[in-house]
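Visitor: Here the protein sequences come in this chain order: A, B, C and D.
Under this note's numbering, think of the first position of the first sequence as 35, with each following residue one higher.
Under this note's numbering, think of the first position of the second sequence as 13, with each following residue one higher.
Under this note's numbering, think of the first position of the third sequence as 73, with each following residue one higher.
Under this note's numbering, think of the first position of the fourth sequence as 23, with each following residue one higher.
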Amino acid sequence: MNSHFPALIIVVPLLSAFVIVMAGWLNKKYCFPLAAAALGSSLVSAVAMLSRVMDSGPFTYHLGGWAPPWGIEYRVDHLNALVLVVVAAVAFINLIATRAIVRADFPEKTGSFYGLYSLFATGLLGVVVTGDAFNLFVLLEITALTGYALIGIGKQHAPLASLNYIFMGTIGASFYLLGVGYLYLATGTLNMADLALHLSKISGSTVVLAAFLICLTGLYMKMALFPLHAWLPNAYACAPSAAAGIIAPLTTKVMVYVLIRITLFVFTPAFTYAHLPLNQAMIWLASLAIVMGSILALSQKSLKKILVYIIVAEVGYMVGGLWIGNRISISGSILHIVNDAAMTLCVFLAAAGLQFKLKGDSFIALRGSFRKMPYTMAALVVGGLSIIGVPPTCGFFSKWYLISGALTAGTYQFVVALLLNSLVNVVLFFRIFEIGYFEPFPGQDSHRGQKAQAINEAPLSMVAMLLLVSAGLIALGLFSSDMVTRIILPSIPAGIL
Amino acid sequence: MKTFGIIAVVLCGALLIYGTVDFPEWGDPASPASTYVSPYYIEHSIPDTSVPNIVTAILADYRGYDTMFETAVVFAAGIACIFLLRIEKRDSPRSRLYRHIPTGVTIRIEQGGRLPEGSRDLERIDSVWVPYDLIIKTGCRLVIPFIQLFALYVIAHGHHSPGGGFQGGVIFGAAIILYALAYDLRTAQTHLPIRTSVLLSSTGVLIYAGTGALCLLLGANFLNYSALAGLLGVDPVTARSHGILIVEIGVALAVMAVMVGLYYIISSAGRLDEGL
Amino acid sequence: MDPVIAFIIAKYNYWMYIILMMIGLCGMIIKKNLIKKIIGMNIFQTAIILFYISIAAKKNATIPIIAHAHGDGHAAVNAAGIINPLPHVLMLTAIVVAVATLGVALALAIKIYRQYHTLEEDEIISQIRE
Amino acid sequence: MIWQLEFIILILIIFSGIGALMVKDLLGAGILFSAYSFMMCLLWAIMGAVDVAFTEASVGAGVSTVLFVAAIFRTTRRSKD
Numbered sequence: 035m036n037s038h039f040p041a042l043i044i045v046v047p048l049l050s051a052f053v054i055v056m057a058g059w060l061n062k063k064y065c066f067p068l069a070a071a072a073l074g075s076s077l078v079s080a081v082a083m084l085s086r087v088m089d090s091g092p093f094t095y096h097l098g099g100w101a102p103p104w105g106i107e108y109r110v111d112h113l114n115a116l117v118l119v120v121v122a123a124v125a126f127i128n129l130i131a132t133r134a135i136v137r138a139d140f141p142e143k144t145g146s147f148y149g150l151y152s153l154f155a156t157g158l159l160g161v162v163v164t165g166d167a168f169n170l171f172v173l174l175e176i177t178a179l180t181g182y183a184l185i186g187i188g189k190q191h192a193p194l195a196s197l198n199y200i201f202m203g204t205i206g207a208s209f210y211l212l213g214v215g216y217l218y219l220a221t222g223t224l225n226m227a228d229l230a231l232h233l234s235k236i237s238g239s240t241v242v243l244a245a246f247l248i249c250l251t252g253l254y255m256k257m258a259l260f261p262l263h264a265w266l267p268n269a270y271a272c273a274p275s276a277a278a279g280i281i282a283p284l285t286t287k288v289m290v291y292v293l294i295r296i297t298l299f300v301f302t303p304a305f306t307y308a309h310l311p312l313n314q315a316m317i318w319l320a321s322l323a324i325v326m327g328s329i330l331a332l333s334q335k336s337l338k339k340i341l342v343y344i345i346v347a348e349v350g351y352m353v354g355g356l357w358i359g360n361r362i363s364i365s366g367s368i369l370h371i372v373n374d375a376a377m378t379l380c381v382f383l384a385a386a387g388l389q390f391k392l393k394g395d396s397f398i399a400l401r402g403s404f405r406k407m408p409y410t411m412a413a414l415v416v417g418g419l420s421i422i423g424v425p426p427t428c429g430f431f432s433k434w435y436l437i438s439g440a441l442t443a444g445t446y447q448f449v450v451a452l453l454l455n456s457l458v459n460v461v462l463f464f465r466i467f468e469i470g471y472f473e474p475f476p477g478q479d480s481h482r483g484q485k486a487q488a489i490n491e492a493p494l495s496m497v498a499m500l501l502l503v504s505a506g507l508i509a510l511g512l513f514s515s516d517m518v519t520r521i522i523l524p525s526i527p528a529g530i531l
Numbered sequence: 013m014k015t016f017g018i019i020a021v022v023l024c025g026a027l028l029i030y031g032t033v034d035f036p037e038w039g040d041p042a043s044p045a046s047t048y049v050s051p052y053y054i055e056h057s058i059p060d061t062s063v064p065n066i067v068t069a070i071l072a073d074y075r076g077y078d079t080m081f082e083t084a085v086v087f088a089a090g091i092a093c094i095f096l097l098r099i100e101k102r103d104s105p106r107s108r109l110y111r112h113i114p115t116g117v118t119i120r121i122e123q124g125g126r127l128p129e130g131s132r133d134l135e136r137i138d139s140v141w142v143p144y145d146l147i148i149k150t151g152c153r154l155v156i157p158f159i160q161l162f163a164l165y166v167i168a169h170g171h172h173s174p175g176g177g178f179q180g181g182v183i184f185g186a187a188i189i190l191y192a193l194a195y196d197l198r199t200a201q202t203h204l205p206i207r208t209s210v211l212l213s214s215t216g217v218l219i220y221a222g223t224g225a226l227c228l229l230l231g232a233n234f235l236n237y238s239a240l241a242g243l244l245g246v247d248p249v250t251a252r253s254h255g256i257l258i259v260e261i262g263v264a265l266a267v268m269a270v271m272v273g274l275y276y277i278i279s280s281a282g283r284l285d286e287g288l
Numbered sequence: 073m074d075p076v077i078a079f080i081i082a083k084y085n086y087w088m089y090i091i092l093m094m095i096g097l098c099g100m101i102i103k104k105n106l107i108k109k110i111i112g113m114n115i116f117q118t119a120i121i122l123f124y125i126s127i128a129a130k131k132n133a134t135i136p137i138i139a140h141a142h143g144d145g146h147a148a149v150n151a152a153g154i155i156n157p158l159p160h161v162l163m164l165t166a167i168v169v170a171v172a173t174l175g176v177a178l179a180l181a182i183k184i185y186r187q188y189h190t191l192e193e194d195e196i197i198s199q200i201r202e
Numbered sequence: 023m024i025w026q027l028e029f030i031i032l033i034l035i036i037f038s039g040i041g042a043l044m045v046k047d048l049l050g051a052g053i054l055f056s057a058y059s060f061m062m063c064l065l066w067a068i069m070g071a072v073d074v075a076f077t078e079a080s081v082g083a084g085v086s087t088v089l090f091v092a093a094i095f096r097t098t099r100r101s102k103d
């Protein structure tokens with residue numbers, strides 16, 4: 035059975051999504067267990083595939099029994115096995131953690147919610163594991179469509195934010211489809227490995243360059259790189275916290291993975307790094323994204339808005355690491371995909387817990403939250419330190435690889451942007467810790483004679499998952515060196531110096 | 013803002029037109045697109061799947077995985093609209109409007125009073141401006157069975173002529189929407205309530221993914237219909253053709269149910285009481 | 073005929089999709105009404121479908137259905153005489169995706185109208201600012 | 023491909039596309055958009071893509087027009103631009 039894992043990791047959550055929606059209409063209490071079982075089995079098959087790739091190298095799976103250029107093929111190598119485990123783990127942990135919130139927010143729509151949730155996770159897993167360019171577009175559409183619905187159900191102006199997300203997301207996906215059309219026009223095939231073969235022969239023609247630029251604009255729009263990021267802040271801030279827990283950590287990271295897959299594995303590194311002015315422009319764009327992301331985050335008044343602008347800055351890290359082009363910086367950006375997904379999950383779960391218990395996450399509501407919710411704020415501290423980049427946590431190590439890669443390549447504006455962003459993150463997070471710890475609880479005007487506050491902690495499943503994730507941040511940090519040597523370095527193609 | 017938008021778009025258009033410099037000649041048979049992968053499909057679609065319509069062969073067999081996710085996209089759209097717009101709470105029983113057919117007088121009954129449903133010459137209407145449309149109602153009653161028959165033909169005949177699961181499913185859904193337009197949403201809901209349409213769409217997509225999983229259980233790769241040969245008792249090539257037919261029926265069921273569900277939800281803005 | 077005319081005749085079909093794409097993109101950027109933006113989005117998507125279909129087109133070739141009576145021998149099929157079927161399959165997917173996105177966008181437009189009682193983007197933004 | 027026929031249909035497509043965006047009344051825009059979809063279906067039928075034309079006719083011109091009119095019925099018909 036283990037030879038069928040690439041199909042099982044997608045088919046089990048897909049089938050479970052349909053059964054969950056049926057259960058939603060027939061008998062509501064089966065929805066959560068079905069979703070948990072399906073995503074759990076995806077996590078198990080992802081880990082099994084990673085271990086198989088680590089000891090016996092990449093392997094392929096032919097869908098429908100047809101050989102690659104004619105049928106659709108799954109190619110599992112070091113890069114996407116690692117990202118598969120991250121996606122499956124984040125989806126599973128967020129599902130378990132936000133159970134109480136879903137029951138509180140959508141009492142009668144849990145069936146549809148969990149159906150859309152597992153379809154979203156299926157779409158992401160499919161995007162990561164597929165080896166066919168057009169199949170990636172269809173899976174992107176599933177992820178996008180379920181994402182629009184999950185975001186559109188939120189409060190205040192969530193429908194307007196979701197409609198703007200639809201417009202930008204459709205333009206991005208259509209540009210990617212146009213890019214694949216140009217590639218098909220130039221080579222006649224859709225399989226990624228086959229495309230790489232044929233593109234190296236005709237890399238001179240303007241069709242390939244046009245396809246490259248169109249694919250890039252489409253992917254930049256989907257991952258909300260700075261000038262095209264207008265839809266992300268409202269969409270993630272207004273999304274219901276249960277949905278934001280999976281959308282925020284994963285969508286942009288998976289889109290960065292797709293960018294790495296397209297630039298390094300379809301357009302081989304020889305073509306991608308051949309155009310010097312393009313690389314410099316992209317590195318300046320990424321540094322601009324980091325700086326603007328952190329500046330915009332400074333002016334926000336609520337925790338979730340700050341976290342959302344930090345995501346915009348983090349996208350700049352990964353894109354910059356890719357375009358610097360040496361092995362250290364690319365392994366830094368791949369490691370940052372893993373670390374950033376974990377960090378964003380930790381802080382978004384903490385924000386969800388705070389919003390669930392304190393009925394709001396603006397600075398006024400957060401006053402005195404250390405006393406009321408010690409464990410959630412402790413997890414927020416660990417997540418904040420990791421985003422700032424303090425050594426024991428994983429955020430430091432991916433920044434370390436990115437900075438050393440930038441120094442060897444001599445792109446100093448990227449280093450300056452990274453350091454400036456770390457300082458701004460320090461200001462952002464310590465302002466929240468200071469409000470949470472020192473500000474007096476509204477009912478209590480003086481420090482003396484405080485009676486013990488009733489600890490009104492988030493539900494147990496959420497606190498357990500929060501502590502697990504924050505422990506995971508530190509574990510990721512400690513094991514990051516041998517994760518890089520054993521998984522990430524062999525995943526980088528040969529053509530990079 | 014307006015001029016900046018136009019300039020940006022025109023610039024992007026000029027760039028794209030410049031990009032078409034190296035395109036192959038339009039429609040020339042030696043272009044890479046028509047000489048690399050597609051000749052295999054054209055030459056091998058009959059020996060492999062005995063399906064003359066090559067597009068259906070590729071759609072459901074060679075690249076059947078794409079189509080499964082496409083049906084999942086349609087299913088996700090249906091669930092998303094129901095998730096976004098559905099209003100559960102039963103608001104207070106509002107006034108009801110009846111029209112006395114012989115005289116054309118409309119009667120409004122307040123506070124949930126009810127008339128015996130069976131009366132022949134009193135007809136319930138949604139709002140005052142609803143015209144008395146006997147011609148439309150009887151006309152649609154005559155046409156709808158034939159539309160549904162044509163839809164079944166399109167689904168079944170997808171192997172030999174243009175058509176297949178999607179087109180047939182949409183036409184079948186359009187027949188039911190026509191019924192909901194001619195009468196009102198309430199009578200259409202008696203025949204196909206929203207609950208049945210969601211369950212039907214789930215079964216349709218489950219048929220598709222289930223056939224694929226069945227091939228997996230029989231040992232072949234996912235969606236490899238030749239594994240069904242033992243089950244169906246035919247040689248692998250016709251097993252592929254039957255596999256394509258089963259999958260098309262699943263797609264048609266899902267698409268029909270989702271289109272009807274979409275119409276119900278959007279035309280009544282989630283309250284499922286008054287449609288177009 | 074000088075090369076420019078030959079160039080235009082050879083390539084003018086590819087420029088049709090660019091014109092439609094620009095109309096769609098203009099519609100989305102310039103128009104304030106949300107329903108107009110949705111129409112612009114759909115025009116944008118159908119333009120890309122037109123591009124794929126013009127890749128598939130072949131001069132004097134028949135439609136991708138092999139005419140064969142039941143049970144006779146598999147006549148040799150020459151690939152040059154039949155239109156390339158692969159882009160048609162891809163575009164069936166793209167059309168269905170466009171309708172699915174249209175459905176969700178209209179559902180959100182109704183939700184927005186129920187909340188703000190208008191579909192003009194500038195009126196909605198001024199209501200949010202209050 | 024009779025290029026004169028194709029040329030006429032292309033002109034009609036561009037005019038109905040621009041018309042659907044320019045006209046003020048949303049119901050008119052919906053109907054013009056349905057005409058645009060139908061013209062697109064004709065163009066694809068001429069270019070030999072019969073399956074795609076069938077789908078566009080039934081899905082594009084058919085159901086999306088019904089959804090458009092239903093959505094406009096539930097929101098407003100007037101638009102400022």
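From the three backbone atoms N, C-alpha and C, an ideal C-beta is built for every residue, glycine too.
As the structure is a computational prediction, the values presented were derived from the model and not from experiment.
For G52(D), which residues of its own chain have a beta-carbon under 7 angstroms away from its beta-carbon, when the five flanking residues on both sides are left out?
Guide: Numbered from 1 along the fourth sequence, position 30 holds the residue referred to as residue 52(D). Excluding positions up to five away in sequence, the list reads T87, F90, V91, I94.
Visitor: Listing by chain order, which chain B residues have their CB less than 7 angstroms from the CB of T87(D)?
Guide: In the fourth sequence, the residue the question calls residue 87(D) occupies position 65. Those within 7 angstroms of T87(D) in chain B number zero; the least Cβ separation is about 10 angstroms.
Visitor: Contact criterion: CB-CB distance below 7 angstroms. Does L97(B) meet it with respect to chain A?
Guide: Walking along the second sequence from the start, residue 97(B) turns up at place 85. With 7 angstroms as the cut-off, L97(B) does not count as an interface residue toward chain A.
Visitor: Whole angstroms are fine: how far does the CA of V342(A) sit from the CA of A282(A)?
Guide: Locating residue 282(A) in the first sequence gives position 248, counting from the first residue. Locating residue 342(A) in the first sequence gives position 308, counting from the first residue. Taking the straight line joining both Cα atoms gives about 8 angstroms.
Visitor: Please confirm if K104(C) has its CB atom under 7 angstroms from at least one CB of chain A.
Guide: Taking the first residue of the third sequence as position 1, residue 104(C) is located at position 32. Not closer than 7 angstroms to any Cβ of chain A, the Cβ of K104(C) fails to qualify, so no.
Visitor: Which same chain residues, not among the five before or five after A251(B), have their C-beta less than 7 angstroms away from its C-beta?
Guide: Start at 1 with the first residue of the second sequence, and residue 251(B) comes out as number 239. Y237, S238, L240, A241, L244.
Visitor: Would you please state the rounded distance, in angstroms, between the beta carbons of S79(A) and L42(A)? I believe it to be under 8 angstroms.
Guide: The residue you call residue 79(A) lines up with position 45 of the first sequence. The residue you call residue 42(A) lines up with position 8 of the first sequence. S79(A) to L42(A), Cβ: 5 angstroms. Contact.
Visitor: Show which residues of chain D have a CB atom less than 9 angstroms away from the CB atom of A139(C).
Guide: In the third sequence, counting from the first residue as 1, residue 139(C) sits at position 67. Those do not exist, as A139(C) stays about 13 angstroms from chain D at its closest Cβ, beyond 9 angstroms.
Visitor: Does any C-beta atom of chain C lie closer than 7 angstroms to the C-beta of A200(B)?
Guide: Position 188 of the second sequence, counted from the start, is the residue given in the question as residue 200(B). So no, A200(B) is outside the interface.
Visitor: Considering Cα atoms alone, identify which of L523(A), M326(A), F171(A), N360(A) is closest to N455(A).
Guide: As a first step, residue 455(A) is located in the first sequence; it is residue number 421 there, counting from the start. If we check each option's Cα against that of N455(A), M326(A) comes out closest.
Visitor: By the three-class DSSP mapping on this structure, what secondary structure does I110(C) have?
Guide: Counting from 1 along the third sequence, the entry for residue 110(C) is found at position 38. Of the three classes helix, strand and coil, the one that applies to I110(C) here is helix, per DSSP.
Visitor: Is Y108(A) helix, strand or coil by DSSP?
Guide: The residue given as residue 108(A) occupies position 74 in the first sequence. DSSP places Y108(A) in strand when its eight states are reduced to three.
Visitor: What is the DSSP secondary structure of S403(A), reduced to helix, strand or coil?
Guide: The residue you call residue 403(A) lines up with position 369 of the first sequence. S403(A) falls in the helix class under three-state DSSP.
Visitor: Closer than 7 angstroms, CB to CB, is A41(A) near chain B or not?
Guide: In the first sequence, counting from the first residue as 1, residue 41(A) sits at position 7. A41(A) counts as touching chain B.
Visitor: Have a look at M93(C), I77(C), I80(C) and flag the residue whose alpha-carbon is nearest the alpha-carbon of L23(B).
Guide: Here residue 23(B) refers to the residue found at position 11 when the second sequence is read from its first residue. The shortest C-alpha separation from L23(B) is found at M93(C).
Visitor: Quick check on the DSSP output: the beta strand (DSSP E) that includes F81(B) runs from which residue to which?
Guide: Residue mapping note: residue 81(B) aligns to position 69 of the second sequence, counting from 1. Not the beta strand (DSSP E): F81(B) falls in the alpha helix (DSSP H), residues 76 to 97.
Visitor: Within 10 angstroms of its Cβ, does R482(A) collect 16 or more other Cβ (buried), or is it exposed?
Guide: Position 448 of the first sequence, counting from 1, holds the residue named residue 482(A). Summary for R482(A): the model assigns pLDDT 47, below 50, so the residue's position carries little reliability; its value from the coordinates is reported in the next sentence. Exposed.
Visitor: Taking the alpha carbon of F123(C) as the reference point, which residue from Y86(C), D74(C), Q199(C) has its own alpha carbon closest?
Guide: Here residue 123(C) corresponds to residue number 51 of the third sequence, with the count starting at 1. Considering only alpha carbons, the answer is Y86(C).
Visitor: Contact check, G188(A) vs A258(A) under 8 angstroms by CB: the rounded distance?
Guide: Residue mapping note: residue 188(A) aligns to position 154 of the first sequence, counting from 1. Residue mapping note: residue 258(A) aligns to position 224 of the first sequence, counting from 1. Not a contact, Cβ separation roughly 18 angstroms.
Visitor: Does the CB of K109(C) have a neighbour CB from chain G at under 7 angstroms?
Guide: Protein chains A, B, C and D are contained in the structure displayed, whereas chain G is not.
Visitor: Using 8 angstroms for Cβ pairs, my map puts I167(B) next to G185(B). What's the rounded Cβ distance?
Guide: Residue numbering aside, residue 167(B) sits at position 155 when the second sequence is read from its first letter. Residue numbering aside, residue 185(B) sits at position 173 when the second sequence is read from its first letter. Their Cβ separation, rounded to whole angstroms, is 12 angstroms, which puts I167(B) and G185(B) out of contact at 8 angstroms.
Visitor: Apply the 10 Å Cβ neighbour rule to L233(A) and answer buried if 16 or more other Cβ atoms are within range, or exposed otherwise.
Guide: For the purposes of this step, residue 233(A) is taken as the residue at position 199 of the first sequence. Looking at its Cβ environment, which holds 16 or more other Cβ atoms inside 10 Å, L233(A) is buried.
Visitor: May I have the straight-line CA-CA distance separating L510(A) from L68(A), to the nearest angstrom?
Guide: One-based indexing of the first sequence puts residue 510(A) at position 476. One-based indexing of the first sequence puts residue 68(A) at position 34. Distance between the alpha carbons of L510(A) and L68(A) is about 29 angstroms.
Visitor: Under the rule that 16 or more other beta-carbon atoms within 10 Å means buried, what is S480(A), buried or exposed?
Guide: Along the first sequence, one-based indexing puts residue 480(A) at 446. Residue placement at S480(A) is flagged as unreliable, the pLDDT there being 48, under the threshold of 50; the coordinate-derived value follows with that caveat. Exposed: under 16 other Cβ atoms inside 10 Å.
Visitor: Given this structure, state the Cα-to-Cα distance separating K485(A) from P47(A), to the nearest angstrom.
Guide: Within the first sequence, numbered from 1, the residue matching residue 485(A) stands at position 451. Within the first sequence, numbered from 1, the residue matching residue 47(A) stands at position 13. Residue confidence is low: K485(A) scores 48 on pLDDT, short of 50, so the model does not pin down where it sits. No coordinate-derived value is stated.
Visitor: Whole angstroms are fine: how far does the CA of I371(A) sit from the CA of L523(A)?
Guide: If you number the first sequence from 1, residue 523(A) lands on position 489. If you number the first sequence from 1, residue 371(A) lands on position 337. Going by the C-alpha atoms only, they are around 14 angstroms apart.
Visitor: With V117(B) as the anchor, note down where its beta strand (DSSP E) starts and where it stops.
Guide: Within the second sequence, the letter at position 105 stands for residue 117(B). Segment 117 to 121, the beta strand (DSSP E) holding V117(B).
Visitor: Three-state secondary structure (DSSP) at D40(B)?
Guide: For the purposes of this step, residue 40(B) is taken as residue 28 along the second sequence, with counting starting at 1. Coil at D40(B), not helix or strand.
Visitor: I want to see whether chain B comes within less than 7 angstroms of H38(A), judged by CB atoms only; does it?
Guide: On the first sequence, position 4 is the one that residue 38(A) refers to. Cβ-Cβ to chain B under 7 angstroms: yes for H38(A).
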